[in-house]
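Report on one structure; see the data block that follows.
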Amino acid sequence: MNGLIWGLIIALIALGLSLIFGVMGIVNMAHGDLYMVGAVLAFYLFPLLGNFWLALLVVPLIIALIAAPIERFVLRPYEGHHAVTMIATVGISFILQQAALATYGGVPKKMADPWAVSFNLFGVSYPGYRFLIAAISIVILVAIGLFLYRTSYGILIRASIQDKDMAAAMGIDINKVLVGTFVLGSALAAIGGVLAAPITQVSYLMGNDVVLLAFIVVIIGGLGSLGGTLVAALSLCALEGVLSALLSPTQSKAAIFVVMIIILMIRPRGLFGEPER
Amino acid sequence: MTEKGNLLEVVDVSRHFGGLTAVDNVSYAIRAGEVRGIIGPNGAGKTTLFNVITGELKPSSGRIYLKGEDITGKSPDLICQKGMSRTFQLTYVFPEMTVYQCVWVGVYSKAKRAANMFLSRADRLKEVADKTMEICRLVGIEDRRDELASNLSYGDQKVLEIAMALSTDPALLLLDEPTQGVGPKEADGIVQLIELLSGRMSILLIEHNIDIILRVCHNLTVLSNGRVIADGSCAEIGRNEEVQRIYLGEITCS
Amino acid sequence: MERKGVVTWFALGSLVLLAIMGVVLPGGARSLVVQIMIFSIFAMGYDICLGYTNQCSLGHSMFFGAGAYGAILSIMSFKLGLMPALGAALLVGFVLSVLTGLICVRLSEAYFVIVSAIISAVFHLLAMDMTWLTGGDDGLSASIPPISQSMSQLSLYNPYVNYYFVFFFLLVSYLVLKRMIGAPLGRIFISIRENPRRAHFLGYNVTRYKLVAFVLSGVFGALSGALYAMTLRYASADYFSFYWSVLPIVWCLIGGIGTIAGCWIGVALMSLFQYYVSAWFTHYLLLFGILILIILKVSRRGMLGYLAGRGSGRI
Numbered sequence: 000m001n002g003l004i005w006g007l008i009i010a011l012i013a014l015g016l017s018l019i020f021g022v023m024g025i026v027n028m029a030h031g032d033l034y035m036v037g038a039v040l041a042f043y044l045f046p047l048l049g050n051f052w053l054a055l056l057v058v059p060l061i062i063a064l065i066a067a068p069i070e071r072f073v074l075r076p077y078e079g080h081h082a083v084t085m086i087a088t089v090g091i092s093f094i095l096q097q098a099a100l101a102t103y104g105g106v107p108k109k110m111a112d113p114w115a116v117s118f119n120l121f122g123v124s125y126p127g128y129r130f131l132i133a134a135i136s137i138v139i140l141v142a143i144g145l146f147l148y149r150t151s152y153g154i155l156i157r158a159s160i161q162d163k164d165m166a167a168a169m170g171i172d173i174n175k176v177l178v179g180t181f182v183l184g185s186a187l188a189a190i191g192g193v194l195a196a197p198i199t200q201v202s203y204l205m206g207n208d209v210v211l212l213a214f215i216v217v218i219i220g221g222l223g224s225l226g227g228t229l230v231a232a233l234s235l236c237a238l239e240g241v242l243s244a245l246l247s248p249t250q251s252k253a254a255i256f257v258v259m260i261i262i263l264m265i266r267p268r269g270l271f272g273e274p275e276r
Numbered sequence: 000m001t002e003k004g005n006l007l008e009v010v011d012v013s014r015h016f017g018g019l020t021a022v023d024n025v026s027y028a029i030r031a032g033e034v035r036g037i038i039g040p041n042g043a044g045k046t047t048l049f050n051v052i053t054g055e056l057k058p059s060s061g062r063i064y065l066k067g068e069d070i071t072g073k074s075p076d077l078i079c080q081k082g083m084s085r086t087f088q089l090t091y092v093f094p095e096m097t098v099y100q101c102v103w104v105g106v107y108s109k110a111k112r113a114a115n116m117f118l119s120r121a122d123r124l125k126e127v128a129d130k131t132m133e134i135c136r137l138v139g140i141e142d143r144r145d146e147l148a149s150n151l152s153y154g155d156q157k158v159l160e161i162a163m164a165l166s167t168d169p170a171l172l173l174l175d176e177p178t179q180g181v182g183p184k185e186a187d188g189i190v191q192l193i194e195l196l197s198g199r200m201s202i203l204l205i206e207h208n209i210d211i212i213l214r215v216c217h218n219l220t221v222l223s224n225g226r227v228i229a230d231g232s233c234a235e236i237g238r239n240e241e242v243q244r245i246y247l248g249e250i251t252c253s
Numbered sequence: 000m001e002r003k004g005v006v007t008w009f010a011l012g013s014l015v016l017l018a019i020m021g022v023v024l025p026g027g028a029r030s031l032v033v034q035i036m037i038f039s040i041f042a043m044g045y046d047i048c049l050g051y052t053n054q055c056s057l058g059h060s061m062f063f064g065a066g067a068y069g070a071i072l073s074i075m076s077f078k079l080g081l082m083p084a085l086g087a088a089l090l091v092g093f094v095l096s097v098l099t100g101l102i103c104v105r106l107s108e109a110y111f112v113i114v115s116a117i118i119s120a121v122f123h124l125l126a127m128d129m130t131w132l133t134g135g136d137d138g139l140s141a142s143i144p145p146i147s148q149s150m151s152q153l154s155l156y157n158p159y160v161n162y163y164f165v166f167f168f169l170l171v172s173y174l175v176l177k178r179m180i181g182a183p184l185g186r187i188f189i190s191i192r193e194n195p196r197r198a199h200f201l202g203y204n205v206t207r208y209k210l211v212a213f214v215l216s217g218v219f220g221a222l223s224g225a226l227y228a229m230t231l232r233y234a235s236a237d238y239f240s241f242y243w244s245v246l247p248i249v250w251c252l253i254g255g256i257g258t259i260a261g262c263w264i265g266v267a268l269m270s271l272f273q274y275y276v277s278a279w280f281t282h283y284l285l286l287f288g289i290l291i292l293i294i295l296k297v298s299r300r301g302m303l304g305y306l307a308g309r310g311s312g313r314i
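Residue numbers (numbering that gives the first Met the number 0), protein chains in the order written: chain A, 0 to 276; chain B, 0 to 253; chain C, 0 to 314.
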């Protein structure tokens, strides 16, 4: 059950990454750190605002203020040069982590439970907040799904994933799409962080735990495919949950990675970009 | 299945991309020493056909034979080693290498051995060096051999393209619009080069300029919408009404 | 070719300087220079991947760690002498890079980056977990045998011996790599970097050569890991961390991608930076991140690459 909850959170993060990776082709190593920033902001804002919902709304706005300049000034100049962009995101990752370290501190802290209610589920007492996470995540996923598949802006984004140059040639203001996509993707990661903050330790390094997993989900789930990302996220997290009963947490993480490598070898959808034969 | 003496045989080759059929049951053959033109309106599938023959794309159906050997679906590097070489529509060189080095790489491809690959000094391999210079002289760029490929004029890059294709000593040379975008004087130079080469190897030529076609080609294959609509000598094609209809109103400038 | 001259002169000059510094420098500075030399080997190897075949790997820490543990465990558990232990470390690096290369090299650019990072993460996780083998974060300490049993005074515990031992391998590595890049293999690498599709059509099995480059860089990574472990007499699971995968990129980027020895500048600057800045500013990694962004702004190919780009020939 826990695994599924995490699966939903990872699905949000991975979806954001999928958009960024799909539309901009950028391997964003700082994506996990945007998740961390979301969590840290939630940590500070929740007691400040006294209201979890407000925090949930405010954080994406703050993230937008951070993400937009990053895209405009750091990433866009290197458009098309993927290795360089990736290195730049590593640089940003260091900056974000160290900024968090300097302000928030190095000690992982636990955040207060926003909904301190327990439910009785099959005879086991289950914290109500986790249902809230599930509910909110599902709502957001559905909303994003509608956005991507029904609205014209969403269709623009999906078209850009298919063929960016074509979209630009058709007169779409590609810069707006780029900025918008990056902000949206980062916001999703941050929201994931906000949702995750109460159920895990908030620490400046927490981004490292999720970023590789998010990439795995994106690769296995298929670029830009909402359904695929969701399925991959849920399955992988459920699998990790099952494994951690048998192995240590570190080993189950490693096992998930190995599973991914095996999948990639059997079904190399990872040949994206390779000439078709 | 394959006629004896045919250098290249393309048999019923089709290539689909999802719902789109780019190449539709195309068949033709080239003999040694022949220069064959592939003509047709834009989007007729000419470059796709090249991509299939050279191994970059697998045909959805059909087979391709080179010197009697089935090369369908083999990878481009193997096909090159077997004697087929191509140029690309957009010049496709090694930007940060000199002209000499660009040609050298192709020449070495046929000469490579593990013994000389790792520790010998590249420029000391005499045979490779001689052959490289020979090709540079043949196409007429030996005076620019030390210039960076990216610094060359467009016309010179087109010539370098051809030199690189020649460097692997092909029996069959595929030229994809070799005069596209160059001025008339440079185009003439390239045509003269093609004429010079046609004595030594077979050539498959995609070209829009009818004058050039008529000057160098023995035979033509006409494609439209991925299908062969005519195939024969230049004279026969010239008389073909359907071809005239397709080209009516198409004035090719070069 | 002008550019080749610049980097070669720089390399030769540095080597002469390094040879002299070994006897001249005070103890603390000497240790720092030993580290710089070790990391330069790592960086040169990495440049084969990044600068010569355009493969941006984020997983090279696995070779560094494998080399380090290969050496330390050979000495501790198998009681090998120093040179055999080094050989064992290289063998481990070779096997590891072949296996991971077979998985990664055929992947397209972005997927290559991610999968190399993931494989490296697996090693990191396992190393942290299997403390019975690796000592985890705390690591393993070992006492290092002398270079040869017969001449027991040639021990790495003597700082001068240690220095010139490392210097020897830097020299050999440089000469070998320089020779290889000047050989047909180097030119093939560059053609793959410049236009892989074209190289493919000229008759080269691009994937195979990319694998060769990857394995070369892995072996040199393992060599540097082994030398590092021998110098510090210590190996830790931390050597497998992401940080050690990022460092080579920064070194090469600062010093110049696609030059053999340009990365030495990157190593030197970064090492000095870390050594001095971390003393007064604990969050020096923040500057690290900013530094990366600044360098990228100045030149995508790194400092020497930038200077070189203004010359006439690049190869």
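Note that beta-carbon positions come from the ideal geometry of N, C-alpha and C, so glycine has one too.
Per DSSP, reduced to three states, the secondary structure at V182(A) is helical. When DSSP states are grouped into helix, strand and coil, E55(B) belongs to the coil group. Not one beta carbon of chain B lies nearer than 8 angstroms to the beta carbon of L155(C). Against chain A, a Cβ distance below 8 angstroms from D137(C) picks out nothing, because the smallest value is about 15 angstroms. In the three-state reduction of the DSSP assignment, V10(B) falls in the strand class, which pools E and B. Linking G184(A) to P25(C) through their CA atoms gives a straight-line distance of about 52 angstroms. Its chain contains T178, I211, R214 and V215 as the residues whose beta carbon lies nearer than 8 angstroms to that of V190(B), once the 5 sequence neighbours on both sides are disregarded; these appear in chain order. In the same chain as L81(C), and ignoring 5 residues on each side of it, the C-beta atoms closer than 6 angstroms to its own belong to P144 and I146, in chain order. Within the segment 110-157 of chain C, not a single complete beta strand (DSSP E) segment reaches 3 residues in length. Only those residues of the segment 187-202 of chain C whose C-beta falls short of 9 angstroms from the nearest C-beta of chain B are listed: I187, I189, S190, R192, E193, N194, R196, R197, A198, H199, F200, L201 and G202. With a cutoff of 8 angstroms on beta-carbon distance, V104(B) and F93(B) are scored as near each other. By alpha-carbon distance to G254(C), the top candidate from S244(C), Y242(C) and L268(C) is L268(C). Residue pairing by DSSP leaves E146(B) without any beta bridge partner. For the pair of segments examined, the segment 255-265 of chain A was found to touch the segment 236-244 of chain A: the number of CB pairs separated by less than 8 angstroms reaches three.
Straight across, the Cα-Cα distance linking D23(B) with M200(B) is about 28 angstroms. In terms of beta-carbon proximity, K157(B) stays away from the interface with chain C, with every pair separated by 8 angstroms or more.
In the three-state scheme derived from DSSP, where H, G and I count as helix and E and B as strand, M83(B) is classed as strand. For A229(B), the enclosing beta strand (DSSP E) begins and ends at R226 to S232. Taking a C-beta distance under 8 angstroms as the contact criterion, R62(B) and T53(B) do not qualify as a contact pair. In summary, R129(A) is buried, with 16 or more beta-carbon neighbours lying within 10 Å of its beta-carbon over all protein chains present. Here the alpha carbons of S149(B) and E95(B) stand approximately 7 angstroms from one another. Inclusion of V83(A) and L295(C) in the CB contact set at 8 angstroms is warranted, their separation being smaller than that value. For the C-beta of V26(A), the chain C residues within less than 8 angstroms are, from N- to C-terminus, A109, V112 and I113. Note on P46(A): under 16 other CB atoms within 10 angstroms of its CB, so exposed under the neighbour-count rule. For S108(B), the nearest CB of chain C lies under 8 angstroms from its own CB, placing it at the interface with that chain. The C-beta distance from I9(A) to V138(A) rounds to 17 angstroms, too long to meet the 8 angstroms contact threshold.
Using beta-carbon distances, L106(C) does not count as an interface residue toward chain B, since no partner is under 8 angstroms. Listed along the chain, the chain C residues whose CB falls inside 9 angstroms of the CB of G31(A) amount to none; the nearest CB is some 11 angstroms away. Annotation: T230(C) is outside any beta strand (DSSP E); the continuous alpha helix (DSSP H) that includes it extends over V205 to L231. Nearest neighbour of G2(A) by Cα position, chosen from M259(A), L263(A) and S251(A), turns out to be S251(A). For F181(A), no Cβ of chain C is located within less than 8 angstroms of the residue's own Cβ. Classified as exposed, K109(A) has fewer than 16 neighbouring CB atoms from the shown chains inside 10 Å of its CB. Put simply, of M23(A), V210(A), G206(A) and V230(A) the residue whose alpha carbon is nearest the alpha carbon of I113(C) is V210(A). Within the same chain, Cβ atoms closer than 7 angstroms to the Cβ of T220(B) are found at Y27, R35, I37, V227 and D230, the five residues on either side in sequence being excluded.
For G24(A), the three-state secondary structure derived from DSSP is coil. Assignment of K108(A) by DSSP, reduced to helix, strand and coil, places it in the strand class.
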